[in-house]
Amino acid sequence: MNGAQDLGGQHGLGPIAPEVDEPLFHAAWEKRALALTLAMGATGSWSIDTSRHARERMPPADSLSSSYYEIWIAGLERLIVEQGLATADEIAAGRSLAPPAPVKRVLAAADVPAALARGGPTERPATAPAKFAVGDVVVTRLANPHGHTRLPRYLRGRPGVIERVQGVHVYPDTNAHGLGEAPAWLYAVRFAAEDLWGADAEPATAIVADLFEPYLRPR
Amino acid sequence: MTASPRSASVTAMSGDHDHHDHPQHGHSHHGHPGSTRADTHDHGEGSELSPIELRVRALESLLVEKGYVDPAALDVLIDTYETKVGPRNGARVIARAWSDPAYRDRLVTDATAAIAELGISGRQGEHMVAVENTAAVHNLVVCTLCSCYPWSVLGLPPVWYKAPPYRSRAVAEPRAVLAEFGVELPAGTAVRVWDSTAEMRYLVVPMRPAGTAGWSEEALADLVTRDSMIGTGLARDPAGEPEPRA
């Protein structure tokens, strides 16, 4: 979807502001926001794709005026309600008003190191040969999907070249909506800056993005 | 190349960034290792808390009461990223690649496996790619769609990496962005921007500074900054100045 998360090439968003000796967290609540997001992810109630889609549905004006951890907390609240783990009233009250829903697992402190070490690999066995090889010229799909996609607007309908074949991975466009992992070949696709930005491109510049086979057709 | 569970996934590091906490209004009980969260929906101090602090505390109280999260696990999660996983991990990888040509070859061929050789793997580093800077090409990493970042080697991303200005501009005017970070590339150096749109995570291998022949890996690692592994910086010059490129 063309939410506020899809930022490539936008203008007017202000200066980049690196901080000298930036702290890892800027407030104590950010630590809790991080940990709550990871711990709730570990319950297995949703995928990373579903959680990204929850965040990108934040109204654009709110999203652009929120810090990243604020966006995470809003996304987490949305997921909790949508997945039936708590109601909006319970979130507003900060306490339980009904019995809990079952979750697949609860992350125990002792299991944190192993869970983080395991992570969430997205590579899956191939069930069909890759359609493209390194050096192939492709064109990205022109589309305007309402749902989740990892094909950014600035890369739609553009010519590119296969730079790397990355294996078969969970397809976010279906997985975000609970429609299955539908694993698809993933490619690093290289675009000349001129093919994205025309005469405004900087010289000798290429952009490479990881794009799924359904986003691509041969040229 | 699917990552398998590895017990030695995180490696103790000392900060390349610092870990100052900035307690808000003295409520430093947030984040104390070992403290319980069950009392976070407490009374009598709400007026001192900002709306977002109240909101997060309320959410944590609810999720603990529901039994979905273990408060002790939250503390371990925070401690992991405050003290165990950070850019020192990535610096060890880079220093090894600078020191050992065979390791460098393995790193650019299968970064996930090569990084795992050093005991480093895990969340947001399951599928790694190493991209090497040379005199001919400079690599820069961004995530225009969210905040994808190689946590296993760099830790948590800085705010600017997650914020709209960098995410919008890095793909459209990377040389201008690099200049703002103090990186002026020679005209003959091509720029390659990696937009992390899927689950591959990118680690830039910066150029080894001149004048470091014979240096130990430990000494070399001290020259490897976080930004040099994102591509918004260069490795430190041994004399303490940015590596000359022009």
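Just so you know, the protein sequences line up as chains A and B, in that order.
Just remember that the working numbering sits 37 ahead of the position in the first sequence, which is counted from 1.
Just remember that the working numbering sits 30 ahead of the position in the second sequence, which is counted from 1.
Beta carbons: idealized from backbone N, C-alpha and C, even for Gly.
Source: prediction; values computed, not measured.
At a cut-off of 7 Å between C-beta atoms, R222/B counts as an interface residue with respect to chain A. In the assembly as shown, D257/B is a buried residue. Its beta-carbon has 16 or more other beta-carbons within 10 Å.
Taken in chain order, the members of the region 77-102 of chain B whose beta-carbon sits within less than 9 Å of a beta-carbon on chain A are L79, S80, I82, E83, L84, R85, V86, R87, A88, L89, E90, S91, L92, L93, E95, K96, G97, Y98, V99, D100, P101, A102. Looking at the DSSP output, P196/A bridges to V176/A. Distances from the CA of G217/A to each of L223/A, Y224/A, P209/A were compared; the closest alpha carbon is that of P209/A. In the same chain as N212/A, and ignoring 5 residues on each side of it, the C-beta atoms closer than 6 Å to its own belong to S84, D86, E218, in chain order. For V86/B, the enclosing alpha helix (DSSP H) begins and ends at 81-96.
Rounded to the nearest whole angstrom, the C-alpha separation of I199/A and V175/A is 7 Å. At a cut-off of 7 Å between beta carbons, W66/A contacts chain B. Close partners of P96/A in chain B (Cβ separation under 7 Å) are lacking, with about 15 Å as the shortest Cβ gap.
Y179/B carries a coil assignment under DSSP once its states are collapsed to helix, strand and coil. Look at E127/A: its C-beta is under 7 Å from a C-beta on chain B. Of A265/B, D252/B, D105/B, A193/B, the smallest CA-CA separation from E56/A is found for A193/B.
Beta-carbon to beta-carbon, Y133/B and A144/B are separated by about 6 Å, close enough to satisfy the 8 Å threshold.
For T80/A, the chain B residues whose Cβ falls inside 9 Å of its Cβ are Y98, V99, in order along the chain. Residue range 167-172 is occupied by the beta strand (DSSP E) that includes V172/B. When A241/A, H63/A, L101/A, F62/A are compared, the shortest CA-CA separation from L215/B is found for A241/A. About 5 Å separates the beta carbon of R195/A from that of T177/A, a gap short enough to meet the 8 Å contact definition. Secondary structure of V202/A (DSSP, three-state): strand. Looking at the backbone, the Cα of G45/A and that of I108/B are separated by about 31 Å. When the beta-carbon positions are compared, A138/A and L116/A stay at least 7 Å from each other.
Restricting attention to beta strand (DSSP E) runs no shorter than 3 residues, the region 88-162 of chain B encloses them at 158-162, ordered along the chain. Rounded to the nearest angstrom, the gap between the Cα atoms of L188/A and G215/A is 19 Å. Residue pairing for P255/A: DSSP places it in a beta bridge opposite V175/A. Using a C-beta cut-off of 8 Å, the region 149-158 of chain B makes no contact with the region 200-209 of chain B, since fewer than three inter-stretch Cβ pairs fall below that distance.
With a threshold of 7 Å between beta carbons, V171/B makes no contact with chain A. Remark: fewer than three beta-carbon pairs, one from each stretch, lie closer than 8 Å, so the region 156-175 of chain A and the region 115-134 of chain B are not flagged as touching. Between M230/B and chain A, the shortest Cβ-Cβ separation is below 7 Å. Chain B has no Cβ within less than 7 Å of the Cβ of S102/A. Around the beta carbon of L179/A, a 10 Å sphere encloses fewer than 16 other beta carbons of the protein chains shown; the residue is thus reported as exposed. The DSSP-derived three-state label of R187/A is coil. Annotation: Cβ neighbours of W190/B in chain A (cutoff 9 Å, chain order): I53, A54, P55, E56, E59.
When the beta-carbon positions are compared, W222/A and V245/A stay at least 7 Å from each other. With contacts defined by Cβ atoms closer than 7 Å, T227/B and D58/A do not form a contacting pair.
Straight-line measurement puts the Cα of V189/B at about 28 Å from the Cα of V118/A. Between the region 93-100 of chain B and the region 124-139 of chain A, the count of C-beta pairs closer than 8 Å reaches three or more; the two stretches touch.
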